[in-house]
Amino acid sequence: MLNNLYSKSFSFLNDKDILLFKQKYFNSIFVIKYGGSVMRDNHLKLKLIEDLALLYSLGIKLILVHGGGPFINDWLLKFNIEPKFQDGIRITDYKTMEIVEMVLSGQINKQLVSLLCNKNILAVGLSGKDSNLIKASPKFNSSNNFVGNVDFVDNKILNLLLSNNYVPVVASVATGLNNQTYNINADTVAGAIAKSVKAEKLILLTDTPGIMSDVSDSSTLFKTLTISQVGKLKKNNIISGGMLPKVDCCIDALLNNIRSTHIIDGRIEHSLLYEILTFHRLGSMIVLN
């Protein structure tokens, strides 16, 4: 099952596991969110592309949603604009919004598409603007902070691409009323898209091991959690800060019939495949019950 192209890179996999996986998930839709500081590591980026190429070859229908915060910060500083955040959310004024769109839709999106195409994956770059994929509204009551919520996902373009074996690569910007562009959290976009296309799995690649009872100790990682268990962890402030929006979008997805959601460490080579193709899962899986 593993051809020569993959056998060296994926020596931790075996044909039996891959065959079972293919039988179970062939033609299933996986929505994968890629973001955070891990995006800076070009070696890990290439390993992720290899993982996606293997899943694609096994008949999995993939949608890749990406952010790009570290690169946005770099470009803001080049234009002498200090990045500003409130409660972990980027304050996105008019000038910042222009740079956000330039970096996400122009730089990062096209780089990912190019890398995927280089692995013979039929990838197409999109943002929420294309084909009216995402309609947004302001998250805050402010005339100069263009952070958005997802109001609606029109999945026609996604279904058209998936049905013809293309991989949509989606940048997390979209338009709202009066043609205003909004910057939307990539986790939120991934969750909304997963619900809309009735994905089998929603997978968030992050720069943390997953959900832990002690954020300074990776040995306290929760491998599997139910929604009710997550609720208790939130109530006790074990889940807090930047993990909250990730967990919330996972719960929302599960309540809308996505089978499983995963928060995994993108800093580890092939963590995506370890999580879904082996019994040595590296992240946190949240399920309905």
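835 is the number of the first residue of the sequence shown in the working numbering; add one for each residue after it.
Even glycine gets a Cβ: it sits at the ideal position worked out from N, Cα and C.
_L1011 to S971 span [Cα, whole Å]_ = 7 Å
*Out of L1036, K881, I883 and L911, point me to the one whose CA is closest to D1021's CA.*
The shortest C-alpha separation from D1021 is found at L1036.
*Rounded C-alpha distance that separates N838 from F913*: Residue placement at N838 is poorly supported in this model, since its pLDDT is 46, which falls under 50; the coordinates still yield a value, given next. Roughly 46 Å separates the two Cα atoms.
*With Y1016 as the anchor, note down where its beta strand (DSSP E) starts and where it stops.*
T1015 to N1017
_Under the three-state DSSP convention, the category N838 falls into_ = Because the pLDDT of N838 is 46, which lies under 50, any placement of that residue in the model is unreliable, and the question is left without a value.
_Rounded Cβ spacing between H1096 and L1038 (contact assumed at less than 8 Å)_ = 7 Å
*Tell me, please, which residues DSSP counts as bridged to H900.*
The partner list for H900 (beta bridge, DSSP) reads Y868 and A1005.
*asked:* Quick check on this structure: which residue in G1075, D1051, F1056 and I863 has the alpha carbon closest to the alpha carbon of I1120?
replied: Ranking the options by Cα distance to I1120, first place goes to F1056.
*Among G1025, I863 and E884, which one has its Cα closest to the Cα of L946?*
E884
*C-beta atoms of F844 and L888 nearer than 8 Å*: yes
_Tell me the rounded alpha-carbon separation between K1066 and S862._
31 Å
*asked:* My output table needs one value for D1082: the three-state DSSP class, helix, strand or coil.
replied: helix
*Just to confirm, are L847 and L1111 a CB contact at a threshold of 8 Å?*
Remark: C-beta atoms of L847 and L1111 approach each other more closely than 8 Å.
_Give me the DSSP bridge partner(s) of R1093._
In DSSP, R1093 forms no bridge with anything.
*Sub-8 Å separation of G959 and K944 beta-carbons*: yes
*Alpha carbon to alpha carbon, what distance is there between E916 and K858?*
Going from the Cα of K858 to the Cα of E916 covers about 48 Å.
*With DSSP collapsed to three states, give me the class of M1119.*
Three-state DSSP puts M1119 in a strand.
*Looking at C-alpha atoms only, which residue of Q1063, Y1016, K1029 and K1068 is the closest neighbour of I866?*
K1029
*Compute the distance between the beta-carbons of H900 and G869, then report whether it is under 8 Å.*
yes
*Count the other CB atoms within 10 Å of the CB of S976; is the residue buried (16 or more) or exposed (fewer)?*
exposed
*Rounded to whole angstroms, what's the CA-CA distance from K973 to D851? Just pull it up for me.*
43 Å
_Test item: CB-CB of G893 and K953 under 8 Å_ = no
*Of the residues L882, H1104, L911 and I1098, which one's Cα is nearest the Cα of L949?*
L882
*Identity of the residues DSSP links to K895 by a beta bridge*: I863
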